[in-house]
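For reference, the structure is listed below as structure tokens.
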Amino acid sequence: MFGYITINKPELKIKDYEKYHSYYCGLCKVLKRKYGAVGQATLTFDMTFLIVLLSGLYEAQEKTEAHRCIAHPAKKHLMRSNEITEYAADMNIILAYHNLMDDWKDDKNLGKLSLAKMLERNYHRLQKKYKRQADAVAHYMEALDECERNKESSLDKAAGLTGEMLGEIFNYKDDEWADTLRNLGFYLGKFIYLCDASEDREKDKKSGSYNPFLLQEKEVNNREILNLMMADCAREFERLPILMNADILRNILYAGVWYKFEKIQSDIKNEEIKYGNGSL
Numbered sequence: 216m217f218g219y220i221t222i223n224k225p226e227l228k229i230k231d232y233e234k235y236h237s238y239y240c241g242l243c244k245v246l247k248r249k250y251g252a253v254g255q256a257t258l259t260f261d262m263t264f265l266i267v268l269l270s271g272l273y274e275a276q277e278k279t280e281a282h283r284c285i286a287h288p289a290k291k292h293l294m295r296s297n298e299i300t301e302y303a304a305d306m307n308i309i310l311a312y313h314n315l316m317d318d319w320k321d322d323k324n325l326g327k328l329s330l331a332k333m334l335e336r337n338y339h340r341l342q343k344k345y346k347r348q349a350d351a352v353a354h355y356m357e358a359l360d361e362c363e364r365n366k367e368s369s370l371d372k373a374a375g376l377t378g379e380m381l382g383e384i385f386n387y388k389d390d391e392w393a394d395t396l397r398n399l400g401f402y403l404g405k406f407i408y409l410c411d412a413s414e415d416r417e418k419d420k421k422s423g424s425y426n427p428f429l430l431q432e433k434e435v436n437n438r439e440i441l442n443l444m445m446a447d448c449a450r451e452f453e454r455l456p457i458l459m460n461a462d463i464l465r466n467i468l469y470a471g472v473w474y475k476f477e478k479i480q481s482d483i484k485n486e487e488i489k490y491g492n493g494s495l
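Residue numbering for the sequence shown follows my numbering, beginning at 216 and increasing consecutively.
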């Protein structure tokens, strides 16, 4: 479901891109240090956004190092980390464990079950450490499963479950900024769910899998709904007193989130043209 919350690189200044990339590499390094190669494989752009956001809000003290890695063996890359990187890495593991177990339940994929078992001990430890967030993710998975069983047609209800879950993860310290961070995560979570459901519509139609877009009586304007979600998300963001990383965050919220969506829509349209013309 994740992977939509990323930058629009052509619109980002070089110095800001390098800083964003250093947060991404820092998260990768922390995941490997704390959870090994399996943890490193759970790396997402979405948690990188959370690091950039919370680092800008709380201005946490950062450590920067230059290292080579498997992905970039020829040249050292800057890796930036702080206490929020540690938090994001832990959230990554909680989310990844549930996603892997859900894949095992749906597809009986032994590979996914094996990976989940490798994360299980760490997951149970994190479940105790972050009870509020872990409970929110567990509730989300159960409620979404119920939506699927009941063939819930409401786009707002299905997407809202993702929003509620992500809102609790964005609420880092449960402090004076908790409501705004929770709301920001809520609207962003709804956007992610609707993007994902829109992307999977044709695939789910063929497989018979649950997708609320397929249960609508009238054709839905995807872009209009997503615009509303991001407008609400941006409004909450602008309420936060963020100066550090502000240009990177605005690039993501006003341009980057649309990059993958537009590419997917273009690919879908090209496929329709290709097969509509009888081309193989």
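C-beta atoms are modelled at their ideal positions from N, C-alpha and C, and glycine is treated no differently. If you're wondering where the values come from, they're calculated on a predicted model, not measured in any experiment.
Around the beta-carbon of R397, 16 or more other beta-carbon atoms lie within 10 Å, marking it buried.
Following the DSSP letters along the chain, one finds T279 inside the beta strand (DSSP E) bounded by residues K278 to H282. R295 counts as buried, since at least 16 other C-beta atoms from the protein chains shown sit within 10 angstroms of its C-beta.
The alpha-carbon of F406 is positioned some 7 Å away from that of M445.
Sequence-distant Cβ neighbours of R347 in its own chain, meaning closer than 7 Å and more than five residues away, are E383. Secondary structure note for L325: its alpha helix (DSSP H) is the uninterrupted segment L325 to K344. Here the stretch 462-480 makes no contact with the stretch 274-284; the two share fewer than three CB pairs at distances below 8 Å. Judged by DSSP in its simplified three-state form, M459 adopts coil rather than helix or strand.
Among the bridge pairs identified by DSSP, L293 is matched with A281. About 5 Å separates the CB atoms of L269 and Y387; that is less than 8 Å, so the two are in contact. Around the beta carbon of L443, fewer than 16 other beta carbons lie within 10 angstroms, which makes this residue exposed. For E383, the uninterrupted alpha helix (DSSP H) segment begins and ends at L370 to F385. A Cβ-Cβ separation of about 6 Å places T259 in contact with N307 under the 8 Å criterion. Per DSSP, the continuous alpha helix (DSSP H) segment holding Q255 begins and ends at I229 to Q255. In this structure P427 is buried. Its beta-carbon is surrounded by 16 or more other beta-carbon atoms within 10 angstroms. Scanning R454, I467, Y402 and S368 for the CA closest to the CA of E432 turns up S368. Taken through DSSP and simplified to helix, strand or coil, T263 comes out as helix.
Judged by DSSP in its simplified three-state form, I222 adopts coil rather than helix or strand. For T279 against S237, the beta-carbon gap comes to about 7 Å, under 8 Å, which counts as contact. One alpha carbon belongs to N365, the other to A358, and they sit about 11 Å apart. Residue state for V435 is assigned as coil, using DSSP reduced to three classes. For D321, the enclosing alpha helix (DSSP H) has its first and last residue at E298 to D322. Counting other Cβ atoms within 10 Å of its Cβ, G400 reaches 16 or more and is therefore classed as buried. Of the candidates E417, C362 and F264, F264 places its Cα closest to the Cα of I299. About 5 Å separates the beta carbon of N437 from that of S413, a gap short enough to meet the 8 Å contact definition.
Between V253 and the set L334, C448 and L458, the nearest pair of CA atoms involves L334. In the three-state DSSP reduction, P427 falls in the helix class (H, G or I). F452 and L441 do not touch by the CB rule: their CB atoms are close to 16 Å apart, not below 8 Å.
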